[in-house]
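I have placed the structure first, in the form of C-alpha cells, so that the comments after it can refer back to it.
Okay, here's the thing in C-alpha cells:
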C-alpha cells in the first residue's frame, strides 16, 4: 500500500507525485524522491523496481521478508533492513522495515507488524530543510534514528521486569515463579538482541573507515545511531549476564531453602521420635517397672517427655533449625 | 555414476555430450561444460581429472569424502565442498556435494546420503540464459543456493522440537523426559552447526575484499547465500543458547520439585508422627492414668488425635506444603 | 552553572574572562580557554555551542546525558564522555562528565551525581606551566587522569567486599547471606565495568596507530591513562571470575552441608528407631515372654537399649556422621 | 641414535652417506640430505648443528624437548615441532618430533615416546621422484601428513568412548561411573587439543598470505594438512562441548534419580507409618474400647490396616512414586 | 639500594663505575652501562632519571610500583615491567622488576618481594661476550629469560596441587576439602595468569611485525621468551579449565553421595519401620488374638520379624542401597 510519494528539491518539498512520474523526477538535479510503502505487495515492488532500477536480489529479499537486519551495497545504492520492536501486552513484537536508498531516492517499506508508522519522521525532516538538503542519506538516518529510538522503551520494559524478579529472588517459596519469569525474560532479551546486534554491526560500517560514498557527509549522524545501538547492546548484555547469574542464584536458593526445610523436618522428627521412644519404653510389659506403680507416675512421665521436647525445641531454635 | 554432461554456449544449452569430448568443448570460446555425478567412483573421478585437469589433492579429497565444508583455490579453479542436510524420521542425515569449478567447467558430485538431486537447479538455470551467461560461477551459486535453501526446513524442525520441549519445561514430573530430549536436540544442533558455520566462513570469502577472479561478477549472489547462512547460523546460536538455559532450568525445576515433594513428605510424616506419639502415650502401662478409666476416654482420645491431625493438615495446606 | 572560565596563554593563566569574550580569546595565538560547568542547563550549553562552535550532535548528547563513555571526533575537535564513580554508603554512584576539546578550548561539564569537582586539577595544572603549554589535550589528560584515579578506591571497596565474602564462604550456615552478597557485589562490578571498559577502548585510540592530531604530543600521557584503565579492568575481570566461582562454590557448600545434615538426621533417626523397635518388641502382648517376668527384666531392657544406642552413637561419631 | 642419512638429487636417492660428509653434499646443486634421528643425544645434535649450521636456540629447544607444537623461522630455515599421539591401553601417549628444514636439508628427530617411526614416509617419498624433486619442503609435508594422519585413530577412540558414555548417560545408577569417565575423557581431549590446536595455527602460516620462501611451491599441500587439522580440531570442540553438556546432564540425572528415590521412600514411609499409627491406636490402654472386645476384632483390625496399605500402595503406584 | 653499576664495551666488562660517571660512559661508542637496583628509593630513581634521561611517566610508574607487566616505548627507549613469582610455603608471592632500556644503558630495579636476585644473569652474560656485544637488548632478554624460567617451578607446583586434588576427587567424603582446595588453587592460578598473560602479549610485540629498533637483532631471542610464556599460559589455561570441570564434578559427587546416603537411610528406615509395625500389631490389646496365647508365640514373632528384616537387608544389599 502506498503511503506517500513526495519529491524534494534542495531540501524543500516539491509535491506529492504519482508513482509513474518518479523516474522523471529523479533525473532532475538536486532532487530526490521519498516513497513510503506499507505491506508492499509483489506488484507494487515490481513497479518500484522498474522506476528506481532496484537490484533483483534486494527486491526478492524485501518481498520475502524475515531478513536479518543488514545494510547491503548494490553498486551505488544501499539496501537496508531494520527491525522494529514494540511492546504489546508484555510481549515483544518484531516488525521489519526495508529501505532502498540511492543517490536520488529513498524507498521505505514496513510490514504489518510495525504498527507505528513514520509520518512523524517525514514531518520533522520537512521542517529542517538544511538537513534535508543532505539528501536520501539524511532521510535514511532519520528513519533509522526513529526506529532505534523505539528500542529504548522496550529496553526499559526488560530492565523493569528484571528488577521485579530481582526483588523476589531471595524471597522464600518464589523459586518456581522466578525461574519461569527468568526463562521468559531470557527469551525476550534474545529476541531483542537479534534485532539490535546485527544492525549495530551494519551501521558500524556507515562511519569511520571505508564508507559508501552516499553516506560520506552524514557519517557523524550514523555514528550517533551506532552509539545508541551500542548503548542498547551493552544494556542487553548486562541483562543477559544478570539473568544467567540469577538462574544460578535461583538454584542456590532452592538448595538453601530445601536445606532449611530439611533441618526443620529433622528437628521435628527428632522431637516426636524421642517422645515416641519414651512412650514406647513405658509401654513395655515388664512385670517389675516400679515407676508404673507410682501414684504420680503418669504426670511424671508426661513432665519428662514435655521437658525433653521443650529442651530440644529450644536447642533447635537456637541453632536456627526451627 | 554420470547423471548429466551438458555443454552450454552463451547461456544456451548446446547439447548433451559424451564424457570423452569434454576437453574439446571447454576450449571453445564462451562455452562451458556442466557435469553432474552421483556416488562418483575413483575411476570416474580419474577420467574427470584427465578431462578437466583437476588438482590431485582436490580429487583425493573428493574420492575420500567426509570433508569439512570448504572452498579451496587451486590456481584459477575452485574446489568446493558443501554438506547437505535432510530430515529423515526426525533424524538429521548429512550428505556431501563436491564441486569443481573452473573458467569453463563445473563438475558436481553428490554422495548417496544426499537423496534429493539437483535436476531442478539445472532446469531453472536453463530457463534463465541471461544468468547462465555469467558462466560456471553462476551455476556454483545456483547449486549452493539450492543446498542452503534445504537447510531451512531442518532449522524449522529443530525450532519446533525446542518449542515442544519448552512447553513442558515447567510441567511437573517431565524432567527426565525433557533432559533426554534436550540432550538429543543439542546433538542435532551441533551436527547442523558443523555443516553451516564452516560453509558460512568459506562463502564469506567469495564477496567483498579479495575474491577469486572467477566470482567477481557474481559477488552479490554469493553475498546473498552468505546472508542466508548467517541467518541460519544466528538461529542455531539462539537454539544452542536456549538449550543451555533450558538444561539449567531443568535442574532448577528438578530441585524445586524435589523440594516440594520433601515438604509434602515432611508434612505427612509430622501428622502421622504426632498420632503415633499420642497413641504411644495412652499405650503406656502406668497404673494411674485417669483418662484411661473414663467412659468416653477412647472417643475422646480419637477426637484429640483427629483434631490435631486436621489442624496440622490445614496449616500445612495453607503454607502450601500439601 | 558556570564554575570557571579562564584563558591561558603559553601555559600561563591570563585571566578569568566573561563567557561572552570567549570567542575573542580563542582566536589569539598560543591561547586557549578552559571552561568548567556543573549541571549545565540547555541555555548555558547553547551559549557555549555558539562561542566554541560545538557540533550539534555532541551538544545534544551532553544535554541529554546518560551516555556511554566515549571519545568522538567531530572534525578537528573531540567530544569526550567519561563517567565518575563514587562510593556512597557502600553503594556505587555513577556520574558523568562531558568534555568538549578543540585546538584552543576545553569545556568540561559534570552532572550532579559527580559530587567531587575538579578544582584540584586546575590548581595543579596551573602550577606546571611547561605542561599546560601542551594545550587543551594536556588538560583533557589531566581531567581523565583525575577521573580514573578516583576509580581505584571503588575498586578497593569491591575487592574488600569480595575478601569479606571469601572469609565466610566455607563457613557453615552462611550460604544464604553469601549468595545475597555475591549477587549484590556482582551487580556493582557490572556497573563499574560499564564505566571502565568503554572508556578503556576509547582511550586506546588516543595513543599508537592513528591518533587525533590534537593528541599527537600527549600520546604517552594517554597511554598512561589507558594503562591505568587496563589495570582496573583486569582487576574487575578477576573479581567477576572469582564471583562466578564463588557462586558455584556456594552451591557446592549448600549441597555439602545438606548432605551433612542428612547424615546427622539419618544417624539420630536410626538411634531412636532402634530404641522404639526394642520397646515395641517388649510391649507386645504375648502370653509367654519369659524376660518380662524377670525381676530385673526392666533394667536389663533399658541397659540393652542404651547400650545399642551408645554403640550406634559411637559408630556414627567415628564415621563422621554426628 | 642415527636412523638414516640419505642424499637425494633431483628427486632420486643418491646414497646413504656418512654424517661427516653431509656438509659436502648439501653444497651440490639440486641436492638435499634427509637425516632421521631418534632420541637424539646432545652430542649428536651438536654434530648436526655443525654440519647444517642450525640455530643455537632451535637446537637448545630440540635437546630440551617438551616444546609446544610450533613452526619457527630462523632466517631461511625452519624449526618445526610436532607432537605425535598414540593410543596405548586406552591412554593417550604424547611424543615429539623436532624437524629442522633448510634449502638443502631436512633433519627429523623423534623422541622415545613416539614408538611408530617414519620409514614408511621415506619409502613412499622415494617412489614419487616427481614430488621429491620439490625438495625438503615436500618431505616436511610428508612427515607432517604422516603425523597428522595418526591423529585420526586417536580421535576415533575419543569419539567411541564418548558414545559409550552417552549410551549410559540416562541409565539409572550409573552417575558415579559416568562422571568419572567423563572427567577422564575430558582430560584426554585436553591433551589432544594441546597437540592439535597450536600445530593448526602454525601450519596456517605455511599457506596463503606471507609464506616462508621455501614453502612457496608446496602451499597447497600444507593447506591440505591444515584442513585435516581443522577437521580434527572441530571434532575435538564437539567432543568438549558434548562432555560439558553431559556433565550437566549427569548432575540433572543424579538430582532426578534422587528425587525418584525420595518419592519412593516417602511412599513406603507413609504406608508403614499409617500401619504403625493404627496399631498404636489399638494398643492404647483405655478401659472402654468396644472393638477390642469383638470376637473378630483382631482380623477386622488387620483387614483395615492391610486395606489402607493396599489403597495407598495403589495410589502411589499410579502417581509413579513406587 | 644500588647493587651493581658496570660499563661494558664491545661485549667486555670495562669496570664497576660510580653512578655519577654513568652519563660519561654512555656517550662512548659501543659502550653501555648496566645498573641493578633493589628497592629503589625515589631519590635514587631521581639520580638515574638525570643520568639516563628517563621519561617522567616511566619513573613515576617505577616509583609507585604495582604495575601490570608491560613494555612501553618512550621514543627510542623502552620501559619494561615484569613480575616475578616465587613459591613461599605453598603461597605464590608476586614481586616486580622494572627495567629501563636505552641504546646504551639498561637499568633494572627489583622490589623487596623478589627475593632471588639476578647476579647469576650478569655472571652468565659476562661469560658470553659475543652475545653481550648485542647490547642492552640482549641483557633485557637475559633478564626476562631468567624471570620467565622462574615461572616454571610455580607452574609445576600448581600442577602438582591439581593432581593431588584429582586423586581425591572421586573419593567419598572429601567434597568439602576438595572444594576448598580447588577454590584456593583457582585463586593462585588467577594470580599467576595476571603475571604471565600481559607479559606474553607485551613480548609478542618484540618479534615479528613492527619491532622497536633496539630489538631488531634479538628478535629470535624474544620469540623464544614469548614461546616459553605461551607454553606456560597454555598450561595455566588447562589448569583453569580442569579446575572448572573439577568444581562441577565435585558438585555432582556431592549429589551422588547424598543420593547414596539417602538410599541407605531409606533402606534402614524401611527395615526398622517394618519391625516396629509388626511389634505394634502384636502390641494391640484385642481380646482375641490367638497367636498371643501360643506357647511359642513370642519366639515365632521374633523369628518372623528377624526373617523379614533379613530378607529386606539382602534385597537392599543386592540393589546396592546398603
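Chains as they are written, first to last, in my numbering: chain P, 875 to 1196; chain S, 875 to 1196; chain H, 875 to 1196; chain D, 875 to 1196; chain W, 875 to 1196. Don't be surprised by glycine CBs; every beta carbon is placed ideally from N, CA and C.
If you measure from the beta carbon of residue i to each beta carbon in chain H, is any gap under 8 Å?
i: residue 1082 (chain W); result: no
i: residue 1181 (chain P); result: no
Exposed or buried, what is residue i when buried is set at 16 or more other beta-carbons lying within 10 Å of its beta-carbon?
i: residue 998 (chain S); result: exposed
i: residue 1178 (chain W); result: exposed
i: residue 962 (chain D); result: exposed
i: residue 889 (chain S); result: exposed
i: residue 1026 (chain H); result: exposed
i: residue 958 (chain W); result: buried
i: residue 978 (chain W); result: buried
Of the choices the options, whose alpha-carbon is the least far from that of residue i?
i: residue 992 (chain P); options: P:1043, P:943, P:910, P:956; result: P:910
i: residue 914 (chain D); options: D:959, D:982, D:929, D:957; result: D:982
i: residue 900 (chain H); options: H:1010, H:955, H:1022; result: H:1010
i: residue 1082 (chain S); options: P:919, P:946, P:892; result: P:946
i: residue 1047 (chain W); options: W:1164, W:1105, W:1129; result: W:1129
i: residue 1019 (chain P); options: H:1176, H:926, H:931, H:1125; result: H:931
i: residue 1109 (chain W); options: D:1099, D:1134, D:1067, D:1132; result: D:1067
i: residue 902 (chain P); options: P:884, P:1143, P:894; result: P:884
i: residue 956 (chain D); options: D:1024, D:1134, D:1158; result: D:1024
Residues of chain H with CB under 7 Å from residue i, in chain order?
i: residue 958 (chain P); result: Those do not exist, as residue 958 (chain P) stays about 22 Å from chain H at its closest Cβ, beyond 7 Å.
i: residue 1104 (chain P); result: 942
How would you list, in chain order, the residues of chain P whose beta-carbon sits under 7 Å from the beta-carbon of residue i?
i: residue 1146 (chain H); result: 1147, 1148, 1151
Closer than 8 Å by beta-carbon distance: list the chain W residues that pair up with residue i, in chain order.
i: residue 1171 (chain D); result: 1160, 1161, 1162
i: residue 1129 (chain D); result: 1129
Does the beta carbon of residue i come closer than 8 Å to any beta carbon on chain S?
i: residue 1175 (chain P); result: yes
i: residue 994 (chain D); result: no
i: residue 1194 (chain D); result: yes
Going along chain D in order, which residues have a C-beta closer than 8 Å to the C-beta of residue i?
i: residue 1108 (chain W); result: 942, 1068, 1072
Name the chain W residues whose beta carbon is nearer than 7 Å to that of residue i?
i: residue 1044 (chain H); result: 1054
Applying a beta-carbon distance threshold of less than 8 Å, which residues of chain A neighbour residue i?
i: residue 948 (chain D); result: No chain A appears in this structure, whose protein chains are P, S, H, D and W.
Just the chain H side, please: which residues come within less than 8 Å of residue i by C-beta, in chain order?
i: residue 1115 (chain P); result: 1064
i: residue 1032 (chain P); result: Within chain H, no residue comes near residue 1032 (chain P); the closest Cβ sits about 15 Å away, beyond 8 Å.
i: residue 1126 (chain P); result: 1049, 1053, 1121, 1124, 1125, 1128
So that I know if they touch, is there some Cβ in chain P lying closer than 8 Å to that of residue i?
i: residue 1123 (chain S); result: yes
Under a CB-based cut-off of 8 Å, is residue i close to chain W?
i: residue 1184 (chain D); result: no
Can you list the residues of chain S that residue i reaches, using a CB-CB cut of under 8 Å?
i: residue 1112 (chain D); result: 1064, 1068
- prompt: What residues in the stretch 1133-1144 of chain W bring their beta carbon closer than 8 Å to a beta carbon of chain H?
  reply: 1135, 1136, 1138, 1139, 1142, 1143
- request: Taking only beta carbons into account, state which residues of the stretch 1151-1166 of chain S come closer than 7 Å to chain P, listed in chain order.
  value: 1151, 1154, 1155, 1157, 1158, 1159, 1160, 1161, 1162, 1163
task: Would you list, in chain order, the members of the stretch 1087-1100 of chain D that have their beta-carbon closer than 8 Å to a beta-carbon of chain S?
output: 1094, 1095, 1097, 1098
message: Can you pull out the residues from the stretch 1048-1074 of chain S whose beta carbon lies closer than 7 Å to at least one beta carbon of chain D?
response: 1049, 1050, 1053, 1054, 1057, 1060, 1064, 1068
message: Tell me which residues of the stretch 914-932 of chain H have at least one Cβ-Cβ distance to chain P shorter than 8 Å, keeping chain order.
response: 929, 931
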